[in-house]
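Colleague: The following block contains the structure, expressed as structure tokens.
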Ligand code: GLA
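Numbering (this note's numbering), first residue to last: 492 to 882.
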């Protein structure tokens, strides 16, 4: 299925809203959220990740204006924001519109001459759940602004622009994973991305393996200090390790064996942060081989190891996510489970034999309710298509 054929639900509603607010007709662009199957907190270490786009997405209806302004209405917040395209200075305000302003600002600063535009935004990606609602808004904004301005730029550059927008206009020093998969996702496939070269391989999700996402409903914010702190710990690790391992530019360049051999040079906490990253990069490559061989048992074991490493070494899990993973582990037909995304709340991702999905829903929901007192949100999602225009 091409991006133009992608499922663009609510199309007529968003078109109507656009006409009501701005008059005229709109073109509609869509960008999905994502779930990461494995490779967590490795992207900003030049490592490997394996996300898939999901069926939740952001839609943007867009049309030109005859001045140099950008006007955007959010369906979720029932709010309109407006700026002059010539004055989109970096800086985070914490407002939802930072992402839109940021993408427009970075596009302009990189020399892409945008035309004045009106936008209506509507999103089905749960916010603060670790499913990349912000990347979906950024990428949809980039597609919409480029589309109506008659500009075309390569997908990898769009992802980099959106990442830069999040750094400079939202204050989160995120890696490239979320924006990249939102642009490049392919229906029925996960994507193995080399975050250093940005080369990637699409890996078919084997038939019978269902992706199930469990939202703990514990909210997280990537712009929160913890994420940036983890990134800083990795950078300190690189500085220390490169003193005795010349040529090390990122944790990607350090093998698990090298880290063990040089652990005496690192404070214990930095060592554990680095251990998560170097072993996770290794696990991600092994998981890619497992997926290619349709070895879901091995893939699932690597997911559990990833979770343990994120919980104990990287310390980005939380009690609620651990409960969801442990509950899934007890169910027959579950291959693997782990937290997904930045952590500190948000979701787990589970690979479940299709036949076991009904049982999974009942048991995980009951266990979680019993332990936490809250009903989790469970989503069954196929790997979806990346961003494009809805025609
Ligand atoms: C967030 C960031 C990504 C990545 C993950 C953790 O989703 O946006 O770049 O670092 O956390 O793997």
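All C-beta atoms, glycine included, are put in the ideal place defined by N, C-alpha and C.
1) Using CA coordinates, which residue listed in 639, 615, 632 and 590 is at the minimum distance from residue 606?
2) What's the gap between the Cα of residue 799 and the Cα of residue 588?
3) Alpha carbon to alpha carbon, what distance is there between residue 732 and residue 495?
4) Within 10 Å of its beta-carbon, does residue 509 have 16 or more other beta-carbons around it, so buried, or fewer, so exposed?
5) Please state if the CB of residue 659 and the CB of residue 665 are separated by a distance shorter than 7 Å.
6) Does the beta carbon of residue 659 fall short of 6 Å from some heavy atom of the ligand GLA?
7) Let me have the residue list for the ligand GLA: C-beta closer than 5 Å to any non-hydrogen atom, ordered along the chain.
8) Hey, how far is the Cα of residue 503 from the Cα of residue 862?
9) Please name the residue, chosen from 786, 860, 633 and 654, that lies closest to residue 700 on a Cα-to-Cα basis.
10) Considering only DSSP beta bridges, list what residue 818 is partnered with.
11) Quick check on the burial criterion: 16 or more other C-beta atoms within 10 angstroms. Buried or exposed for residue 558?
12) Tell me which same chain residues have a C-beta within less than 6 Å of the C-beta of residue 697, skipping the five on either side of it?
13) In whole angstroms, what separates the C-alpha of residue 498 from that of residue 599?
14) Smallest Cα separation from residue 530: which of 775, 573 and 569?
15) Select from 728, 744 and 773 the residue whose C-alpha is nearest the C-alpha of residue 755.
16) Does the region 620-633 touch the region 511-527, meaning 3 or more C-beta pairs lie closer than 8 Å?
17) What's the gap between the Cα of residue 834 and the Cα of residue 708?
18) For residue 830, report the span of its beta strand (DSSP E) as first-last.
19) Which runs of the alpha helix (DSSP H), 4 residues or longer, sit entirely within the region 613-638?
20) I'd like to know whether the C-beta atoms of residue 616 and residue 547 end up nearer to each other than 7 Å.
21) Please report how far the alpha carbon of residue 795 lies from the alpha carbon of residue 829, in whole angstroms.
22) Assuming residue 687 and residue 535 make a contact with CB atoms under 8 Å, what is their CB distance in whole Å?
23) Out of 724, 511 and 782, state which residue places its alpha-carbon closest to the alpha-carbon of residue 804.
24) My guess is that residue 673 and residue 878 are in contact by the Cβ rule of under 8 Å, so how many angstroms apart are they, rounded?
25) Considering only residues of the same chain and omitting the five flanking positions on each side of residue 739, which have a CB-CB separation below 8 Å?
26) Could you tell me which whole alpha helix (DSSP H) segments of length 4 or greater appear in the region 646-674?
27) Considering only the alpha carbon of each residue, which of 578, 514 and 539 lies closest to residue 770?
Modeller: Checking against the coordinates, here is how it stands:
1) 639
2) 36 Å
3) With a pLDDT of only 37 at residue 495, under the threshold of 50, the placement of this residue in the model should not be trusted, and no figure is reported.
4) Flag for residue 509 reads buried.
5) no
6) No, the Cβ of residue 659 stays beyond 6 Å of every heavy atom of the ligand GLA.
7) 531, 532, 534, 665, 666, 668, 669, 832 and 833
8) So the two alpha carbons sit approximately 42 Å from each other.
9) 786
10) Beta-bridge pairing links residue 818 to no other residue.
11) exposed
12) 785
13) Any reading at residue 498 must be qualified, since the residue scores a pLDDT of 47, below 50, and its modelled position is unreliable; the value itself is stated next. Approximately 30 Å between the Cα atoms of the pair.
14) 775
15) The residue with the shortest Cα to Cα distance from residue 755 is 728.
16) yes
17) 12 Å
18) 825-831
19) none
20) yes
21) 6 Å
22) Wrong, their Cβ atoms sit about 11 Å apart, outside the cutoff.
23) 724
24) 6 Å
25) 729, 732, 733 and 745
26) 646-661
27) Nearest of 578, 514 and 539 to residue 770, Cα basis: 539.
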